[in-house]
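Residue numbers (this note's numbering), protein chains in the order written: chain A, 44 to 542; chain B, 44 to 542.
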């Protein structure tokens, strides 16, 4: 697509910026005719007035011009008179003389610029009735009444200290409440002063990358794996090496081979893993592998980053001890988030730190943001303390179990042999491998599905080296059983319609 | 003091940790007698039960032991049996074999570990009736009713998108509201898509340091100046060079000399300044200096970071155009915070970015935290939109003006020639140079003042190279005129009591 909406500001502003960028980048040449407003609105699934407003701004600024009766065109001067487009194209780099020099970090993060923003997908896509996006908050389940009560209480009871800078590890009451909750629910035992409250997994991963990874150091990560970890490690300048995953989770023997390839012992500084429900494939790391992994980390002097992103939702089998509990927490940094069990806009998560890392992480956090907003922290502490949080977790687990059962039954009924479902014994998503769809044909299937109200998402972005199969990550946390049933039924009809 | 409370968790836990750290660090030797609970409680100004509880935990874990009738002692084995204390003292470094290797960044942030935490001062000190701490929120002024209404509205009106991941530049409604506010109040004109909402100045400075500063690059900063900027630049590995400040603000000629010393043109990547009210000395950067500074930045290809931390509060003189407005915003990153005009626990601030830096900063923010919590952003947008915010600013300005007048009159009456007051034409603090107090005697004055209920703060921490004079930073935003009057009167009596 020549035009990309970036999800920032109003839709018409996005159209304005998208077209302007297309001109700057040369995707729309000077003199080229731009699509009619009606056609573009249809393609983008936005109102026509949105496109008209965007075009008007572009006309006002001289990027576009109208020719009577002929339509709207890129101005003859627009593409060449701007500094960005004036870069010598033969160099293959875009030179913007106005941009101050960036650090190596600044250049590295810019490399992600081709990647579409999640928020763009969230804010610009029309709502689909059967949207299997993973990570959409399960708003129907949320304990909104209890949450509003806790927020209200936190506001009314606020002393002067509640308005001031807070404890940099995070609100003490929240850390006490989380430490007790983690001990009860996940067997993770830690003193509250080893808990660092962060604004979500991403801040936790970024702090870990900054404190632990030198540019050039090696970090291992599951393949396929969590993109947020890969991005944070890369931004720190680390060499990120993928370790394959099989039915038992991360393959520790392959990790040894990767470490040897990376220069042998002593070179691997960190290893990122999702042992309780491998993200996204869903395998549970076996106990033997857990032991081997800790042994690997000990020999390499590497830190294990254990992301227990959906540890609350386990439906089958006996829960295994976390790596943190197995290890005693000296070699393992345990990472949790409230984004799945409550909602992403809360922006709260936590790190359980090895004793020796508390001080460096605390100091890094003081540099990074000086601490988090107080209101949500105090309200969440209250939500946990009054019991509403764990009631919510229990209820959510029952609802997610029902959604999962519905999904699996519907898949068996409507998809049959056309798919292979994996990773269903925990979490809020499954992976469906498509037997009869070529990877190259997946994009079209996703578009066709969207036209039928079904939101589908390829597994390929989770891979560094995509596999030769087409696969979907099906999130079901935000859908009613009825929507799941209908969505899967429609997907089955769609799949049968293709040879 | 051998024992430091770190402000984390309950007071008894802090006593526990403080004593344990003193043992580990060798400040309390094995076999040494620890202070009686009553004496330590008095020294720390905490309840005796707090110290007893801390000691009990230390006794339970074997760090301390009691000898019948003789008191409490550090256990014979405690100081040597722990890994931290087992490090060869001759090396002068504390070796903890359990700690995984840190990155260079991790080691750099650890260097700040000797510095006491602000939060420790906030949470552990008994409340003083005449506390002149700068930065304490003016809770008496806060529009708490309007704020609670806006929070409540944001909660009730939340759609599913408000619970999901938000726009990474910050909530669009907030950016629109802030852009309009900045244009109206500060003459800073920017499109909302050049505004990046951050969690406060600190996150803004950290993002700037990461994106702009290579390890080894030079960053200039006012001397004396804002420690948060110095810390962020140092953590990025930059060489931080102080530029002296005089009555016209930052000395641009001295900046040239510093740049030449740093290796000449092209080496200076960033310059941090507080032109509207130099922090902490309070000078207003003259127009001639503003022009010279922008010229300097152009010649060096350096980014100017303009921190307008208390730009809302100006009491005398015509406001000068911001550097951002003078420059057009291509060379200037404008930084603002809501911590002073509302309160620090809100954790909201903003960057106005040069066009060419929007994308790198946006990508850096996605790596750093993926975005901020939604609730406060939506509520603040509403507070601005409904007019409550600017009513609050106007009211606050009038109240702060009254506080300033009270302070200046009280100082003239009670302190007379004993002090020289500077920087009083804007902001929420003044600097009082003490004519008759030696720098070495200031600590005792501060302690004596605390015993009389007066909270005083030295200016020395703002300096890289402290001056030969004793000076105080007197914040007055959180005090009533009566408290200011009494506090200054008592300070006068205290100063006259010393020869």
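Glycine included, every Cβ here is placed at the ideal spot set by N, Cα and C.
The beta carbon of residue 96 of chain B sits no closer than 8 Å to any beta carbon of chain A. Taking CB atoms only, residue 249 of chain B has a neighbour in chain A less than 8 Å away. Residues of the segment 477 to 500 of chain A with a C-beta atom less than 9 Å from some C-beta of chain B do not occur. Under the Cβ criterion of 8 Å, residue 142 of chain B is counted among the residues facing chain A. Among the residues facing chain B, residue 377 of chain A is not included, as its CB has no counterpart in that chain under 8 Å away. Ranked by Cα distance from residue 512 of chain A, the options A:462, A:532 and A:412 are led by A:462. At least one CB atom of chain B sits nearer than 8 Å to the CB of residue 344 of chain A. For residue 116 of chain B, the uninterrupted beta strand (DSSP E) segment begins and ends at 114 to 117. The Cβ atoms of residue 518 of chain A and residue 365 of chain A do not sit closer than 8 Å to each other. Spanning the alpha carbons of residue 470 of chain B and residue 146 of chain A requires a straight line of approximately 34 Å. The beta strand (DSSP E) runs lying completely inside the segment 235 to 269 of chain B and spanning 3 residues or more are 238 to 241 and 261 to 266, given in chain order.
Residue 216 of chain A has its alpha-carbon roughly 46 Å from the corresponding atom of residue 489 of chain A. When DSSP states are grouped into helix, strand and coil, residue 377 of chain A belongs to the strand group.
For residue 393 of chain A, the uninterrupted beta strand (DSSP E) segment begins and ends at 392 to 395. Per the coordinates, the alpha-carbon of residue 478 of chain A lies some 8 Å from the alpha-carbon of residue 460 of chain A.
Around the beta-carbon of residue 292 of chain B, 16 or more other beta-carbon atoms lie within 10 Å, marking it buried. Within the same chain, Cβ atoms closer than 7 Å to the Cβ of residue 495 of chain B are found at 533 and 537, the five residues on either side in sequence being excluded. Residue 396 of chain A sits away from residue 370 of chain A, with the two beta carbons spaced by 8 Å or more. Counting only the Cα atoms, residue 212 of chain B lies some 8 Å from residue 218 of chain B. Contacts with chain B at 8 Å (Cβ-Cβ) do not include residue 321 of chain A. Proximity to residue 262 of chain A across A:149, A:284 and A:475 peaks at A:284, based on C-alpha coordinates.
Residue-level contact check: residue 173 of chain A does not touch chain B, since none of the beta carbons of chain B fall below 8 Å from its beta carbon. Per DSSP, reduced to three states, the secondary structure at residue 464 of chain A is strand. Put simply, the segment 238 to 254 of chain A touches the segment 272 to 289 of chain A. At least three CB pairs are less than 8 Å apart. Each of A:500, A:288, A:193 and A:487 was checked against the Cα of residue 432 of chain A, and the nearest Cα belongs to A:193. Residue nearest to residue 71 of chain A within the set A:99, A:79 and A:116 is A:116 (criterion: CA-CA distance). Collapsing the DSSP output to three states places residue 292 of chain B in a strand. Separation of the CB atoms of residue 185 of chain A and residue 393 of chain A is rounded to 20 Å, and the pair is thereby denied contact status at 8 Å. Boundaries cannot be given for residue 508 of chain B, as no alpha helix (DSSP H) includes it and DSSP labels it neither H nor E.
The segment 312 to 320 of chain A and the segment 348 to 358 of chain A touch, with three or more beta-carbon pairs separated by less than 8 Å. For residue 343 of chain A, the uninterrupted alpha helix (DSSP H) run begins and ends at 330 to 343, by DSSP. The Cβ neighbour count for residue 412 of chain A, taken over all protein chains shown within 10 Å, is at least 16; the residue is labelled buried. With a beta-carbon spacing of about 54 Å, residue 540 of chain B and residue 143 of chain A fall beyond the 8 Å limit used to define contacts.
DSSP places residue 106 of chain B outside both helix and strand once states are collapsed to three, so it counts as coil. Residues 280, 281 and 282 of the same chain have their beta carbon placed closer than 8 Å to that of residue 259 of chain A, with the five preceding and five following residues left out of the count.
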